[in-house]
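Participant: Structure provided below as structure tokens; questions to follow.
Chains as they are written, first to last, in this note's numbering: chain A, 20 to 676; chain B, 5 to 311.
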């Protein structure tokens with residue numbers, strides 16, 4: 020426990036040093052030094068908890084304010100989150116030094132930026148360990164405000180200030196809801212301590228239901244679940260790459276942490292809670308992945324994929340809750356094991372992808388897929404590292420994303436619900452997650468193919484891999500992705516203690532690692548086969564001649580003739596027009612022999628944000644408009660009629676029962 | 005000893021059967037059209053000829069293009085390990101069908117990246133179609149295999165494919181699963197009516213247009229991978245219609261499996277000979293048949309759960 024307090028002191032000292040010491044390198048050294056020391060101290064404190072000796076750390080600090088004492092409690096859940104949050108923040112800080120070097124050259128003061136990164140690291144220690152609601156909220160706010168200030172690094176641009184403000188407002192709406200939930204519980208217990216909240220949450224009833232809904236909304240806003248994700252694509256596109264990486268991979272995992280922390284207090288959740296989390300997660304995964312297929316801004320694309328991945332993790336949590344309700348330890352292990360493992364894996368590969376996107380931006384000053392191309396030749400390191408992250412995010416073996424998706428989908432596929440209909444619902448959820456995986460593969464193929472393969476769509480000078488410090492950070496992340504991919508037990512060692520908290524030390528519960536042993540052998544065999552065939556391929560291609568790409572007889576091909584990102588996903592997007600409304604601008608060439616040049620730009624705006632403003636602006640006019648449209652569209656009116664009929668039948672049957 | 009025999013049988017099936025399968029399909033098509041058709045081993049001759057050739061690669065391409073064909077082949081081979089091709093599958097564990105699906109996904113991704121690496125608009129178009137149809141097929145594939153696993157309470161794919169219609173409860177599952185898996189063969193194996201493997205017009209291709217620039221051993225690897233994948237997909241159906249019950253002994257089951265596989269090949273050949281390729285816009289609706297059939301299969305299990 021002393022180690023944790025010491026880590027906080029060290030981080031605060033780092034804040035003071037980075038802002039007061041002169042010189043860029045010294046400031047950087049102060050930030051990195053303090054964060055490395057703090058990360059070491061935190062690991063020193065939490066690793067014993069993860070291996071179970073002791074199972075928890077407890078300490079109470081007396082506080083002179085009239086809000087009780089500050090109780091600090093490090094259980095497996097807190098230890099798990101602390102174990103990777105601080106080291107990954109450290110990597111982000113190292114990356115920042117190279118990424119922002121040009122701004123520093125122009126005279127920007129690096130002090131505040133590094134200090135804010137230190138504060139973010141500090142907020143993790145507070146949020147993950149403190150059991151006093153008021154201090155928890157202080158840590159929560161520190162993280163939110165620091166993240167906001169980090170996002171608006173380029174504050175001179177109005178667009179970026181708007182994105183930052185948008186984020187600030189959204190995160191505070193979440194804060195109000197969270198405060199409301201805490202006040203509800205406080206009104207019952209007259210205490211700010213989480214232990215007293217636990218007594219409220221352990222009793223089924225209306226109060227618990229209300230608090231659960233409020234908490235879910237607050238944490239969903241933080242973790243950017245659909246439909247509360249609207250701040251996310253803007254903020255991720257606006258922020259510097261390492262800030263996007265840390266926000267997506269590490270900072271907003273606090274939302275999922277909050278969800279898990281309060282799920283632990285529920286004891287045996289009601290059945291609707293599990294279903295609510297599962298459906299909510301599934302919608303997020305589907306919406307997020309469909310949006311990734313349409314984006315042309317690489318960082319927006321990666322932002323939407325955060326919504327997708329927290330959705331996959333939440334499906335796991337929902338399954339775990341249902342397992343708790345139904346008393347099925349196998350489901351608890353698959354659900355919470357898969358979900359918690361997935362958010363850890365997501366932290367590894369998402370940071371890697373954002374760092375690679377930052378390397379692209381640094382070299383080409385663009386992350387617009389329609390303007391990139393052929394970067395694999397000029398940026399081979401970035402290309403290889405992006406591909407590793409991309410394969411992992413698509414959940415493909417033998418990388419880390421595969422294992423967590425396997426656990427979640429396998430858990431859904433196994434059934435275990437008391438009713439047949441419940442099992443069918445779980446199977447459908449598994450199928451939809453399969454669709455999410457395949458669509459994610461489409462998005463990755465599209466992003467990697469358009470940015471790195473083919474020929475450059477626009478001529479760019481001085482395109483090169485980033486310097487060694489940035490490359491080293493990416494390599495460190497990629498090593499994590501591959502290591503956990505090849506030996507998933509490495510990651511599961513971190514996850515298992517958290518799962519054990521949910522199963523309550525049930526000895527009959529299988530471990531997640533045991534479920535994966537056979538699969539691991541299968542994947543190793545696949546890797547061996549892959550190595551062998553690639554070896555054969557290299558050996559057989561002794562003599563290689565070079566020629567131009569075959570153009571099917573057309574010989575004056577230009578780079579602009581290549582398939583673009585929009586054309587690649589056009590077929591797919593047209594099928595999901597409802598979720599991915601497109602906006603076309605420009606004028607196409609007319610007549611058989613066009614005289615004027617044409618141009619066309621296709622964009623995909625966020626449908627939720629658009630509709631939200633539409634609803635706010637037009638109010639009841641909306642309903643009138645929709646009802647006027649119905650008679651013109653036979654398919655729509657038939658569909659509505661069918662829905663009404665089914666609803667009536669269900670109501671009638673329900674009334675009889 | 006038995007393990008060694010199983011692996012040996014599987015390897016032999018991997019080398020011989022995909023070539024023969026493509027030969028049988030082509031022979032049926034040729035006979036239907038009144039031609040004699042190429043020898044049954046034609047694909048084998050082609051692969052051997054390609055393997056001895058030099059490689060020509062586009063100057064646009066990178067290492068991705070050189071490695072991709074071999075990943076395609078490796079993914080197809082590894083995925084086939086969980087499916088009984090001739091005799092039991094060498095690998096079998098709970099939810100092994102997910103490994104099959106994800107390895108197929110890996111192979112598809114490698115093929116698409118190889119296509120995009122050439123910078124050719126035609127190959128980009130093919131990759132776009134492959135990605136879209138692959139994504140649309142995924143729910144059907146997951147659902148139908150879950151349904152089979154639930155119907156048999158089978159842990160592995162090998163057990164799940166032993167579903168038989170003699171149990172009246174399993175009959176609708178069995179029929180729906182066969183319908184769904186036939187569509188899976190046509191989409192994953194790039195066969196009619198989803199894709200025409202013999203077309204000459206690039207704009208109408210899916211699989212063939214993505215490999216326009218591959219040559220020599222690279223092309224051989226892609227074609228071998230596609231044939232292995234087709235054989236694996238056919239084996240899914242062949243296992244379901246294998247007339248020999250499991251009680252008849254391992255050798256008899258293997259014999260029945262081979263006969264059933266030939267039957268599936270004949271059916272696919274007959275479909276190819278009589279049906280025209282669908283318009284690209286109609287393919288999603290065709291895939292919907294598989295999704296609906298697999299949903300019917302899941303609903304028909306009247307599932308009490310595995311746990």
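Glycine included, every Cβ here is placed at the ideal spot set by N, Cα and C. Quantities reported herein were computed from a predicted structural model and do not represent experimental measurements.
Could you check how far apart the C-beta atoms of residue 170(A) and residue 98(A) are, in whole angstroms? I think they sit under 8 Å.
Facilitator: Actually they do not touch by this definition, with Cβ atoms about 29 Å apart.
Participant: Please decide whether residue 654(A) counts as near chain B, where near means a Cβ-Cβ distance under 8 Å.
Facilitator: no
Participant: Residue 118(A) by DSSP, collapsed to three states: which one?
Facilitator: Residue 118(A) sits in a helix when the DSSP states are folded into three classes.
Participant: For the alpha helix (DSSP H) holding residue 490(A), just list the boundary residues, first then last.
Facilitator: From DSSP, the alpha helix (DSSP H) with residue 490(A) extends over 487-505.
Participant: Would you call the CB atoms of residue 357(A) and residue 426(A) closer than 8 Å?
Facilitator: yes
Participant: When we look at the beta-carbon of residue 654(A) and count the other beta-carbons within 10 Å, is it buried (16 or more) or exposed?
Facilitator: exposed
Participant: Any beta carbon of chain B sitting closer than 8 Å to that of residue 566(A)?
Facilitator: yes
Participant: For residue 367(A) versus residue 419(A), is the C-beta distance shorter than 8 Å?
Facilitator: In this structure, residue 419(A) lies closer than 8 Å to residue 367(A) by Cβ.
Participant: For a test of the three-state rule: what should DSSP assign to residue 132(A), helix, strand or coil?
Facilitator: If DSSP states are grouped into helix, strand and coil, residue 132(A) belongs with the helices.
Participant: By DSSP, does residue 124(B) sit in helix, in strand, or in coil?
Facilitator: coil
Participant: Pick helix, strand or coil for residue 12(B), following the three-state DSSP scheme.
Facilitator: helix
Participant: Roughly how many whole angstroms lie between the Cα atoms of residue 182(B) and residue 168(B)?
Facilitator: The alpha-carbon atoms of residue 182(B) and residue 168(B) are separated by roughly 11 Å.
Participant: Give the C-beta separation of residue 95(A) and residue 520(A) to the nearest angstrom, bearing in mind that I take them to be a contact with Cβ-Cβ under 8 Å.
Facilitator: 5 Å
Participant: Quick check on residue 80(A): does DSSP put it in helix, strand or coil?
Facilitator: strand
Participant: Can you pull the chain A residues whose beta carbon is under 8 Å from the beta carbon of residue 139(B), in chain order?
Facilitator: 454, 457, 458, 460, 461, 591
Participant: Does chain B have any CB closer than 8 Å to the CB of residue 552(A)?
Facilitator: yes
Participant: Do we get a CB-CB distance below 8 Å when we pair residue 569(A) with the residues of chain B?
Facilitator: yes
Participant: Near residue 294(B), which residues of its chain fall below 7 Å by C-beta distance, leaving aside the five closest residues on each side in sequence?
Facilitator: 141, 144, 184, 187, 188
Participant: Rank 455(A), 436(A), 400(A) by C-alpha distance to the C-alpha of residue 421(A) and give the top, closest one.
Facilitator: 455(A)
Participant: For the ligand GTP, any of its heavy atoms closer than 7 Å to the Cβ of residue 668(A)?
Facilitator: Looking for the ligand GTP in the displayed structure turns up nothing, as the structure carries no ligands at all.
Participant: Counting only runs that start and end within the region 202-233 of chain A, where is the alpha helix (DSSP H) found for 4 or more residues in a row?
Facilitator: 213-220
Participant: In angstroms, rounded to a whole number, what distance separates the CA positions of residue 226(B) and residue 304(A)?
Facilitator: 32 Å
Participant: Counting beta carbon pairs with one atom in the region 116-129 of chain A and one in the region 60-72 of chain A, are three or more of them shorter than 8 Å?
Facilitator: With the cut-off at 8 Å, the region 60-72 of chain A and the region 116-129 of chain A do not touch.
Participant: Which of the three DSSP states, helix, strand or coil, is assigned to residue 16(A)?
Facilitator: Only positions 20 to 676 of chain A appear in the structure, and residue 16(A) is not among them; the question remains open.
Participant: Taking only beta carbons into account, state which residues of the region 187-202 of chain B come closer than 9 Å to chain A, listed in chain order.
Facilitator: none
Participant: Quick check: the region 453-469 of chain A against the region 92-110 of chain B, are at least 3 beta-carbon pairs closer than 8 Å?
Facilitator: Yes, since at least three Cβ pairs between the region 92-110 of chain B and the region 453-469 of chain A fall closer than 8 Å, the two stretches touch.
Participant: Comparing the C-beta of residue 178(B) with each C-beta of chain C, is any distance below 8 Å?
Facilitator: No chain C appears in the structure shown, which is made up of the protein chains A and B.
Participant: Quick one: what's got a C-beta closer than 7 Å to residue 231(A)'s C-beta in the same chain, skipping five residues either side?
Facilitator: These residues qualify, in order along the chain: 292.
Participant: Determine whether the Cβ of residue 50(B) lies closer than 8 Å to any Cβ atom of chain A.
Facilitator: Using a Cβ-Cβ cut-off of 8 Å, residue 50(B) does not count as an interface residue toward chain A, since no Cβ of chain A sits closer than that to its own.
Participant: Considering only DSSP beta bridges, list what residue 316(A) is partnered with.
Facilitator: Note: residue 316(A) sits in a beta bridge opposite 387(A).
Participant: Do residue 272(A) and residue 193(A) have their C-beta atoms closer together than 8 Å?
Facilitator: no
Participant: Could you spell out where the alpha helix (DSSP H) holding residue 71(B) opens and where it closes?
Facilitator: 67-84
Participant: Determine the chain B residues that contact residue 562(A) at a beta-carbon separation under 8 Å, and present them in chain order.
Facilitator: 58, 59
Participant: For residue 218(B), which three-state DSSP category applies?
Facilitator: coil
Participant: How many Å lie between residue 215(A) and residue 208(A) at the Cα?
Facilitator: So the two alpha carbons sit approximately 6 Å from each other.
Participant: At the level of alpha carbons, what is the spacing between residue 292(B) and residue 298(B)?
Facilitator: 10 Å
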